[in-house]
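If you're matching positions, the sequence shown starts at 5 in the working numbering and goes up one per residue. No residue lacks a Cβ here, since even glycine has one placed at the ideal position from N, Cα and C. Input: a single structure, listed below in structure tokens.
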Amino acid sequence: MTPRHGALAVALSLALGAPTACAQPAPSPAPDVAPWMASLRPAVRAELSSPSSPVTVARLPVYDLALRYEPATRTYTLRETLSFTNTERAPMADVVLRLYGNATPAATVQGATPPIRVVRSACEGDGCTVRAAGASVLVARPRTPLAPGARLRIDVELSGTLTEIDSARTNILAQGMESLSSLGSEGAGDYGLLATGEGIASFANFFAVLARREGGRWARDDHGTNGDLGSDDLANWHAVIDAPASWTVASSGVTLGRTTAGDRARTEVGAVAVRDVAVVMGATLQTETRRVGEVEVRSVFLPGDREAGHRVLDAAAGALEVFERRFGPYPFTELDVVEAPLVGGAGGVEFSGLVTVASMFYHPPQMSGVMGGVANLLGVGDAITQQMGAMLPAMLEFVTAHEVAHQYWHGLVGSDSRVHPFVDESLAQWSAALYLEDRYGAERARRDADMNVRMNYQLMRQLGHDDGPVDRPASFYGPTVRYAGIVYGKGPYYYNALREAAGDAVFFRAMRRYVNAWRFRTAPPSGFVDALVAEHGAGAARYRGLAHRWLQESHGDDDLGRADMGAMLGSMMGGDAPSSEEMQRAMETLGPLLQQLTGGDGNGLFDPRTGGDPARRRNGANGGANRPSQGTGDPDMDRVIREMQGL
Ligand SMILES: [Zn+2]
5 MTPRHGALAV
15 ALSLALGAPT
25 ACAQPAPSPA
35 PDVAPWMASL
45 RPAVRAELSS
55 PSSPVTVARL
65 PVYDLALRYE
75 PATRTYTLRE
85 TLSFTNTERA
95 PMADVVLRLY
105 GNATPAATVQ
115 GATPPIRVVR
125 SACEGDGCTV
135 RAAGASVLVA
145 RPRTPLAPGA
155 RLRIDVELSG
165 TLTEIDSART
175 NILAQGMESL
185 SSLGSEGAGD
195 YGLLATGEGI
205 ASFANFFAVL
215 ARREGGRWAR
225 DDHGTNGDLG
235 SDDLANWHAV
245 IDAPASWTVA
255 SSGVTLGRTT
265 AGDRARTEVG
275 AVAVRDVAVV
285 MGATLQTETR
295 RVGEVEVRSV
305 FLPGDREAGH
315 RVLDAAAGAL
325 EVFERRFGPY
335 PFTELDVVEA
345 PLVGGAGGVE
355 FSGLVTVASM
365 FYHPPQMSGV
375 MGGVANLLGV
385 GDAITQQMGA
395 MLPAMLEFVT
405 AHEVAHQYWH
415 GLVGSDSRVH
425 PFVDESLAQW
435 SAALYLEDRY
445 GAERARRDAD
455 MNVRMNYQLM
465 RQLGHDDGPV
475 DRPASFYGPT
485 VRYAGIVYGK
495 GPYYYNALRE
505 AAGDAVFFRA
515 MRRYVNAWRF
525 RTAPPSGFVD
535 ALVAEHGAGA
545 ARYRGLAHRW
555 LQESHGDDDL
565 GRADMGAMLG
575 SMMGGDAPSS
585 EEMQRAMETL
595 GPLLQQLTGG
605 DGNGLFDPRT
615 GGDPARRRNG
625 ANGGANRPSQ
635 GTGDPDMDRV
645 IREMQGL
């Protein structure tokens with residue numbers, strides 16, 4: 005089918021006054037994205053409308069959604085239209101969509117009902133078919149391959165039920181314990197992206213998106229579940245969200261309109277040049293906003309978490325100011341930072357124009373369940389709760405800054421989050437520390453980076469895992485603790501090494517050059533060091549040598565130093581504050597407990613955003629977490645460990 009023939013056929017059939025059976029319709033007109041351009045700052049609007057720009061709005065795929073949510077049943081229905089243009093040089097035999105909500109470990113376990121059901125699917129054009137190829141894959145195949153420049157419209161109707169997350173789980177201590185005790189158990193691995201908890205409904209990975217392109221092919225397989233599942237490519241997005249009228253709705257993009265009918269309201273939102281989007285809504289969610297230049301920063305939180313919600317707003321606005329000064333302007337007019345019931349090791353999740361931060365960082369720590377029992381048995385419950393409460397604000401601030409940094413690393417400057425996850429994750433970690441340095445000084449930045457960055461590496465080493473190169477696919481690392489240790493723990497220090505070698509002036513000019521070279525495109529793993537060499541050619545050998553050392557070799561113990569468990573827990577649970585006798589006892593007892601429980605494996609207990617790898621846990625291939633305990637030498641402790649391993 006060619007568009008011109010289709011148009012002629014339609015014109016002819018209209019002229020004849022009767023439709024002809026074989027008439028090929030012209031593709032429906034692509035939605036008008038002009039009103040959605042309000043989501044971009046004026047300079048970016050001009051940039052992405054210019055024909056000389058490598059990326060223009062008109063060529064991006066367009067997702068148009070109608071989402072309806074019923075809180076009483078936790079069910080949603082969704083009508084989706086995707087308008088896709090083949091921008092490659094070769095014709096495409098098919099167009100593959102992914103339902104990443106159906107690709108999580110929890111959804112792919114044998115016998116599980118996938119959270120998203122495909123009610124109906126169709127594509128435009130005579131003979132075009134859409135078929136499911138697995139729970140998370142839809143393949144649209146036009147009768148003749150889609151020619152370069154040609155457009156295909158795909159319609160999908162979906163329904164689903166949000167998972168309910170128990171409010172007892174969204175506490176830092178419950179999540180810490182869950183991370184440890186889930187090592188030997190089955191079925192973890194859902195981060196609460198498509199779930200509801202404490203009255204917050206989170207919609208992420210909830211509609212069908214174009215599969216990633218890998219070497220000219222559509223990726224149907226995710227090669228493991230470490231890290232972010234989701235799309236990497238730019239798109240335009242529009243949604244009409246039908247929810248109870250009294251509810252607060254937050255989303256990527258900007259609100260274009262709102263209409264109320266009875267007890268329901270429809271909120272229309274639009275966004276341009278986004279990579280991943282989310283909608284978060286709730287009956288009691290509160291909002292606080294602050295202006296940073298042209299950008300409206302909004303913190304959305306539960307009424308009981310007002311103080312933390314205010315701190316999040318302050319951190320997000322502060323981080324945005326630092327990043328705009330250091331890296332250049334943020335592209336959108338709005339930035340939402342939203343509390344969400346994240347579990348399973350995720351501290352926050354990034355989307356374009358919206359990031360979520362886990363409720364566990366907003367709530368005061370509370371001892372409960374087995375963790376509470378064990379801690380009270382050891383007489384350290386109160387001490388741990390108090391120390392954790394004292395640490396929580398700094399953790400919340402770091403996670404917030406990390407997620408805001410993702411607006412640059414992976415949002416503005418794209419990267420392949422499956423094959424080269426360090427490109428955005430290591431840089432987001434490093435950027436969070438840079439925010440602390442610029443705002444509070446080098447000493448605070450170093451201390452918080454020790455807790456939120458370096459500790460990932462040292463914990464990994466303490467638990468007996470080998471160091472490794474930083475630039476490897478997410479699937480290379482195996483257990484989450486190793487992925488977190490190397491990509492989140494060690495990788496950020498690569499940028500410190502380059503900064504030290506280049507000096508601040510050259511280094512930060514290179515950072516700007518890197519952003520300008522790759523904005524709205526996909527940066528290669530060498531992108532930053534290339535920018536540094538372009539900025540200062542005389543240092544090329546040194547910079548490339550450092551890149552090789554950090555990205556391809558293993559010198560973590562030399563570069564980061566080794567830590568012992570006692571010192572690490574001491575730092576985590578009190579920084580340089582004087583340790584009470586009680587804390588000393590907690591460290592002495594919890595250190596070996598942790599080591600025994602994890603038996604050479606662990607989880608991203610301390611890192612702001614790690615993907616779990618429950619598939620490996622299910623298979624018992626987690627590097628020895630199920631090994632019989634060799635014992636701590638203390639019979640009481642050994643009994644506690646056996647009980648916890650039996651969970
Ligand atoms: Zn991240």
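State yes or no: is the C-beta of residue i nearer than 6 Å to some heavy atom of ligand 1?
{"i": "E272", "result": "no"}
{"i": "A432", "result": "yes"}
{"i": "E401", "result": "no"}
{"i": "E429", "result": "yes"}
Hey, out of the options, whose CA is closest to residue i's CA?
{"i": "T117", "options": "T108, I388 and P149", "result": "T108"}
{"i": "R495", "options": "G105, L431 and V134", "result": "For the record, residue 495 in the displayed sequence is Gly; it is not Arg. Of G105, L431 and V134, the residue nearest in Cα terms is L431."}
{"i": "S303", "options": "T112, G348, W434 and S255", "result": "S255"}
{"i": "S372", "options": "E300, V359 and D386", "result": "D386"}
{"i": "L260", "options": "F305, W241 and A277", "result": "W241"}
{"i": "M455", "options": "T484, G489 and D471", "result": "G489"}
{"i": "G357", "options": "G348, R279 and G313", "result": "R279"}
{"i": "N90", "options": "Y334, R221 and V457", "result": "R221"}
{"i": "A509", "options": "A319, G266 and R330", "result": "R330"}
{"i": "P119", "options": "P425, V244, A199 and E401", "result": "A199"}
{"i": "E429", "options": "A405, D452, D562 and R443", "result": "A405"}
{"i": "T81", "options": "A70, F88 and H367", "result": "A70"}
{"i": "T148", "options": "V533, Y499 and C127", "result": "C127"}
{"i": "V213", "options": "R45, L463, L64 and R513", "result": "L64"}
{"i": "D442", "options": "V423, A409, A323 and Q433", "result": "A323"}
{"i": "G349", "options": "R135, F512 and F365", "result": "F365"}
{"i": "D216", "options": "F480, D562, V347 and S140", "result": "Contrary to the premise, residue 216 reads as Arg rather than Asp in this sequence. If we check each option's Cα against that of R216, S140 comes out closest."}
{"i": "V353", "options": "G196, R458 and D563", "result": "G196"}
{"i": "V113", "options": "T360, A178, G138 and A76", "result": "G138"}
From what residue to what residue does the alpha helix (DSSP H) around residue i run?
{"i": "Y461", "result": "M459 to Q466"}
{"i": "A277", "result": "First-last for A277: R268 to V278, but that is the beta strand (DSSP E), not the alpha helix (DSSP H)."}
{"i": "R516", "result": "D508 to W522"}
{"i": "E539", "result": "G531 to E539"}
{"i": "D561", "result": "G560 to L564"}
Taking the beta strand (DSSP E) that residue i falls in, what are its first and last residues?
{"i": "I388", "result": "Premise fails: I388 lies in the alpha helix (DSSP H), G385 to A409, not in any beta strand (DSSP E)."}
{"i": "G82", "result": "Inspection of the sequence shows that residue 82 is occupied by Leu rather than by Gly. Counting along the chain, the beta strand (DSSP E) containing L82 begins and ends at T79 to T89."}
{"i": "V61", "result": "V61 -> no beta strand (DSSP E), and no H or E assigned at all."}
{"i": "Q290", "result": "Q290 to V296"}
{"i": "L431", "result": "Taken as a continuous stretch (DSSP letters only), L431 belongs to no beta strand (DSSP E), being part of the alpha helix (DSSP H) at F426 to Y444."}
{"i": "T200", "result": "L198 to G201"}
{"i": "G286", "result": "A282 to G286"}
{"i": "R546", "result": "No beta strand (DSSP E) contains R546, which is instead part of the alpha helix (DSSP H) from A544 to Q556."}
Quick check on residue i: does DSSP put it in helix, strand or coil?
{"i": "A581", "result": "Since pLDDT at A581 reaches only 42, below the 50 mark, its modelled position is unreliable, and no value is offered."}
{"i": "E182", "result": "helix"}
{"i": "N626", "result": "Its pLDDT being 32, under 50, N626 is placed unreliably by the model, and the measurement read from it follows with that caveat. N626 falls in the coil class under three-state DSSP."}
{"i": "F355", "result": "strand"}
{"i": "W251", "result": "coil"}
{"i": "N209", "result": "coil"}
{"i": "F305", "result": "strand"}
{"i": "Y334", "result": "coil"}
{"i": "S53", "result": "helix"}
{"i": "R45", "result": "coil"}
{"i": "D420", "result": "coil"}
{"i": "I245", "result": "strand"}
{"i": "S171", "result": "helix"}
{"i": "L260", "result": "strand"}
{"i": "S363", "result": "helix"}
{"i": "A350", "result": "strand"}
{"i": "G220", "result": "coil"}
{"i": "E300", "result": "strand"}
{"i": "D68", "result": "strand"}
{"i": "V4", "result": "This structure cannot settle anything about residue 4, because the visible part of the chain is limited to 5 through 651."}
With a threshold of 7 Å between beta-carbons, can residue i be considered close to chain D, or not?
{"i": "T288", "result": "The structure shown has no chain D; it contains just one protein chain."}
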